[in-house]
């Protein structure tokens, strides 16, 4: 179907590693179809060409960690009809939200020779803490098939198929024997949202929880089982203090094991 | 194709272990793709096999609540392992299946339903409980007014080689559900593996005309009385070995009366609502459909995927999910398996295979939950009332 006026896509970066926006360039098979269906109007990672806003669809990567960014995100929102955040940084604050559990001044002193030049907020926060977000796409990094699904759903005016249930659902559909049950390997799968296709268990590793808490998670019950498998509170704490540390359910469970 | 023989006592033959390959070869020669137990990532899973060496020879499994361990046994049995994480439903009722696709054309669109050409499958090593699970899914998918054509076509192209169980796992409770450990119907061929240091053979019997044909082509001999008795003794020993049990008498009515039982709260505190129990269950049949489009919007597809009553979306109706708590979802699942299923399909939805016990990451045990409800439901004791009062005050 040819569109006369193709919708304009913008990709924005805040505090992040760029991995999620690279997922778009990583869509090798679908990239041409994406480029054919939409105008890539603002995507500095891919092209220097810039089209003026407003934009029909904005993909926002990264968290808010500076005053400057806290103001910039409002401009992005104003210039975007639809704003979709992509990745753990944008949806829950990312790995850099580990600062939220400490005093950021002490941390900057540890990292930088001249911390006085560093201007940063005390917390790394998700985009939705600052502006209205139309859809959050989870993952560290996001799954490129889900990204294409979001764009496809948007272009066709339908609901995206992005389930919120546990990784276990994908793991079992795939036929992977449960690593917790067969090997006693601690796995975050039962409390983590699907989306990756249950990648790690397919390689006989426990899930790292990259996609953040599943709908109605029960991390307390999972921790009890991890303890039975010989994991210490410190190890449980570290499992939750990861890419999605500041997500509500993971933050609370981590806090419970802080000794 | 599977039919139980009537009016004719089943006749047992002996197939020597060294001739077992002949069975596989005969089925392959008949055009069947062979599916059987194989070793994979620390478990026995069902996958394509071509030769007897593909079976988990000499392996056995230990199963308990939330744990499964394989180890090598001294005896080189072909079927020394019990039901694993897979069930045969993945072949009869695939986890993902495209139902149709549609193409946009000249301002309209055309829908093309998928043909679902069945594979000719021979399932090797189907346990008695699994036969009953297949029979249950037969009722679900083909027993009512609306027949699932893909399931029906696959069933008609499936040859079943059952294996009677030579040992019970700790999570097994088929004797309580009257589904095992001996296969009584629903198979084309049934085997009992007999192993002693001196002998290793299979007692083999046919359960259908197709089974007869295959059996007659094999190098067998009629079983002697002592061989028949050896087979019976193995099955009796397996029954006696069964540690878990589930009392089904009066269970349906009890569960219907136990909607507010305190045990649901206790189990909800442990339940991850992850859906594992439903995915491994050989009778769970719920699906969801997902409509997808390509980027251009010129092609749309509808996919059917295994779903679970433990997801929020499962009970989503206008305004939200009607079973938003893990308590409501676990209660729904257990009550369906053991009570409402009876009203719906005429039998319970549980065959006692124990998969939901083994593969629950936190080891929730359906037999334990039922027993708790049974032993605490009659009339609340003083202690129960006291506990409840305390809980409500905190």
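Chains as they are written, first to last, in my numbering: chain W, -16 to 242; chain G, -5 to 388. Ideal placement from N, C-alpha and C gives every residue a C-beta, glycine not left out. Quick caveat, the model's predicted, so the values are computed rather than measured.
DSSP assignment within the segment 130 to 201 of chain G yields the following whole beta strand (DSSP E) runs of 3 residues or more, N-terminal first: 152 to 157, 183 to 189, 194 to 200. Within 8 Å of the CB of residue 146(W), the CB atoms of chain G belong to 305, 307, in sequence order along the chain. When 7 Å is used as the limit between beta carbons, residue 198(W) is near these residues of chain G: 306, in chain order. Going by beta carbons, residue 200(W) and residue 174(W) fall inside the 8 Å limit.
Between residue 91(G) and chain W, the shortest Cβ-Cβ separation is not below 8 Å.
Note on the segment 108 to 170 of chain W: whole alpha helix (DSSP H) runs with a minimum of 4 residues are 127 to 138, 150 to 157, 162 to 166, in chain order. Check the Cα spacing between residue 68(W) and each of 84(W), 32(W), 50(W), 111(W): the tightest is with 111(W). Put simply, the CB of residue 187(W) is near chain G, with a gap under 8 Å to one of its CB atoms. Using a Cβ-Cβ cut-off of 8 Å, residue 234(G) does not count as an interface residue toward chain W, since no Cβ of chain W sits closer than that to its own.
In the structure shown, residue 64(W) adopts extended strand secondary structure according to DSSP, grouped into three states. Interface annotation, residue 214(W): not in contact with chain G, CB-CB separation never under 8 Å.
For residue 15(W), the number of other beta carbons within 10 angstroms of its own is below 16, and it is reported as exposed.
Annotation note: the segment 269 to 323 of chain G contains the following uninterrupted alpha helix (DSSP H) runs of length 4 or greater, listed N- to C-terminal: 270 to 274. Listed in chain order, the positions of the segment 10 to 22 of chain W with a beta carbon within less than 7 Å of a beta carbon of chain G are 13, 16, 17, 20.
In this structure residue 160(W) touches residue 35(G) by the C-beta definition: roughly 5 Å separates them, less than 8 Å.
Counted as a single uninterrupted DSSP element, the beta strand (DSSP E) harbouring residue 22(W) occupies residues 22 to 25. The residues 176, 197, 198, in chain order, have a CB closer than 7 Å to that of residue 147(W) in the same chain once the five nearest residues on each side in sequence are set aside. Taking 8 Å as the cut-off, the Cβ atoms of residue 60(W) and residue -3(W) do not count as close. A check of alpha carbon separations from residue 226(W) across 141(W), 220(W), 232(W), 192(W) identifies 192(W) as the nearest. Of the other Cβ atoms in all chains shown, 16 or more fall within 10 Å of the Cβ of residue 72(W); this residue is therefore buried.
Taking 8 Å as the Cβ-Cβ cut-off, the segment 264 to 290 of chain G approaches chain W at 264, 265, 266, 267, 268, 269, 270, 273, 274, 284, 285, 286, 287, 288, 289, 290, given in chain order. Per DSSP, the continuous beta strand (DSSP E) segment holding residue 66(G) begins and ends at 61 to 66. Per DSSP, residue 15(G) is not a residue of any beta strand (DSSP E); the alpha helix (DSSP H) it occupies stretches across 14 to 23.
As a beta-bridge residue in DSSP terms, residue 102(G) pairs with 99(G). Segment contact: the segment 84 to 102 of chain G against the segment 287 to 298 of chain G, three or more CB-CB distances shorter than 8 Å; contact assigned. Between residue 135(W) and chain G, the shortest Cβ-Cβ separation is below 8 Å. Residue state for residue 246(G) is assigned as helix, using DSSP reduced to three classes.
Residue pairing by DSSP puts residue -2(W) in a beta bridge opposite 46(W). Remark: C-beta atoms of residue 265(G) and residue 358(G) approach each other more closely than 8 Å.
Not a single C-beta of chain W is nearer than 8 Å to the C-beta of residue 187(G).
Shown in chain order are the members of the segment 344 to 359 of chain G whose Cβ falls below 9 Å from a Cβ of chain W: 352, 353, 354, 355, 356, 357.
Taking one beta carbon from each stretch, the segment 185 to 193 of chain G and the segment 256 to 270 of chain G have fewer than 3 pairs nearer than 8 Å; the two do not touch. Look at residue -10(W): its C-beta is not under 8 Å from any C-beta on chain G. Going by C-alpha positions, residue 255(G) is about 18 Å away from residue 240(G). Residue 173(G) places its beta carbon less than 8 Å from that of residue 345(G).
For residue 195(W), the secondary structure class from DSSP, reduced to helix, strand or coil, is coil.
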